[in-house]
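Letter 69 of the sequence shown, counting from 1, is numbered 373 in this note's numbering, and no numbers are missing.
Built from N, CA and C at the ideal position, the CB exists for glycine as well.
Remember, it's a predicted structure, so these values are computed and weren't measured experimentally.
Written out below as structure tokens is the structure these notes cover.
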Amino acid sequence: MSKKFRTKIIKLDKRQPQENIIRNASKLIRSGEIVAFPTETVYGLGANALNPTSVSKIFEIKGRPADNPLIIHVADMAMLESLVIKIPPKAQRIIKKFWPGPITLVLKKSKIVPEITTGGLNTVAVRMPKNKIARELIKKSGTPIAAPSANISGRPSPTTAIHVRDDLAGKIRLILDGGSTRIGIESTVIDMTRNIPVILRPGGISKEKIENEIGKVCIHDSLLGNNGRKLIIHRSPGMKYQHYSPKAKVMLIEGPENLVKTKIIQLSEKLEAEGKNVRIMTASKSLNVNPKKIQYMGSTFETIARNLFANLRQADKDNIDVIIVQGIQYRNTGFAIMNRLKKAASTKIDTRPKKNQALTHS
Ligand code: AMP
Ligand code: MG
């Protein structure tokens, strides 16, 4: 797609977004245009979800495959009710506990949702964001807003307005700048059309937290092992695509800490001997390599998630050829972080003895 627009970035107060800026942005949405805006997860690329022509612009700008449906963002319950046929009791409990927040519910869609928005599925994915700029924009626009992450498809999701500009300058008119996003990875997507709900994409709200609220939920097979990959295609089409990749090659190393550390040191020495510019992303403070080569990921799941995509993008700005990432634990938000890292990585190395590898997450 050619560059058509001078892209404006406008800074807003995220606690009290300036009304005139929101009003102007909502006029663009109502007139069928596209606006990038912050949510608490990542920046979104928004269009009127009920206008097929507007929604088609999102697919074109991102280079997004047409069978990858969009999440629709709502500002209140009336908007949700207009988009779906029914809200089962467990969905109501999730809404009560976690909305507004980083969890997206897949429900049976109503007739007003155009096919292009749901990639032809008879279900629709809906979320109520917590970020005030996002909420005010949806409210003022008076329509639900379809918004995938505001990046070129396949790239790491944007967590600042500058990331959006780096990918989409010239392709959109307006980026609302609300600073860095708080959570940093996308929402959890959960299919609520089943008796036992199924997590289709791990994200901002962990399985453990959801189960505390509504009892048992499943994780889709494809998220647990490579052999389930094909199964997801009909349930959450987006999950089959390569994602989150910086230009640098990403290598993910998992396993017992001592073996992983040895492997990382061996690998980085070998790659450097070949003349490669190497960076190591790790949450460990005891890796015995030159600190200049290390990008420390953080000490909690929350900080690791918040900085994850920014760290991947920074490596490109620093002309890194290979990012070696030390895997983290799969519990709580660690599961969602590892999901993103596995998708970003073109090489995954498990240092555990072969016989143990099949027993846990791949
Ligand atoms: P994105 O907005 O790019 O972060 O991706 C949205 C995710 O939600 C993708 O993985 C989609 O496949 C998934 N999704 C959206 N709508 C549906 C739906 N109706 N059923 C299942 N998954 C969906
Ligand atoms: Mg995305």
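Within 8 Å, strictly: CB atoms of residue i and residue j
i	j	result
K361	I338	yes
A429	T408	yes
I569	N592	yes
P506	V521	no
T463	Y548	no
S330	K444	yes
N272	F613	The question about residue 272 has no answer, for the chain in this structure spans 305 to 666.
L411	V378	no
L316	G488	no
W632	A587	According to the sequence displayed, residue 632 carries Ile and not Trp. Against a cut-off of 8 Å, the Cβ pair of A587 and I632 comes out as a contact.
K413	N426	yes
E490	T651	no
I456	P448	no
L616	L556	no
F309	I476	yes
I326	I314	no
P460	K434	no
I518	L480	no
I641	I598	no
E558	T655	yes
D620	P550	yes
G336	N355	yes
T485	P342	yes
I624	A552	yes
Any non-hydrogen atom of the ligand AMP closer than 7 Å to residue i Cβ
i	result
T422	yes
L374	yes
L504	yes
T427	yes
E323	no
E490	yes
V410	yes
V564	no
V493	yes
Where the beta strand (DSSP E) through residue i begins and ends
i	result
K695	Residue 695 cannot be examined here, being either before or after the span of the chain that is shown, 305 to 666.
N352	347-352
F341	339-342
I362	That residue, I362, is in no beta strand (DSSP E); its alpha helix (DSSP H) goes 356-366.
L411	407-412
L478	478-481
L259	Examination of residue 259 is not possible in this model, given that the chain is present from 305 through 666 alone.
I375	375-377
Terminal residues of the alpha helix (DSSP H) in which residue i lies
i	result
M642	637-648
V564	561-577
Q396	393-402
V468	465-472
T427	Run containing T427: none in the alpha helix (DSSP H); it sits in the beta strand (DSSP E), 427-431.
E606	605-621
L332	323-334
A438	436-445
I487	I487 -> no alpha helix (DSSP H), and no H or E assigned at all.
I514	511-518
Any non-hydrogen atom of the ligand MG closer than 7 Å to residue i Cβ
i	result
S526	no
S461	yes
P433	no
S453	yes
Residues sharing a beta bridge with residue i, DSSP
i	result
A557	Per the sequence shown, the amino acid found at residue 557 is Ile instead of Ala. The partner list for I557 (beta bridge, DSSP) reads Q630, I653.
Q599	M585
I494	L409, I503
V388	K413
A450	A351, I376
I624	Answer is none; I624 lacks a bridge partner.
I523	I503
Taking 8 Å as the cut-off, does the region 419-427 touch the region 391-403 (at least 3 CB pairs, one atom from each stretch)? no
Pairing CB atoms from the region 471-483 with CB atoms from the region 377-388, are three or more of them under 8 Å? no
With three or more C-beta pairs closer than 8 Å as the rule, is the region 336-355 touching the region 493-500? no
Pair every Cβ in the region 621-639 with every Cβ in the region 552-569, then say whether three or more of these pairs are closer than 8 Å. yes
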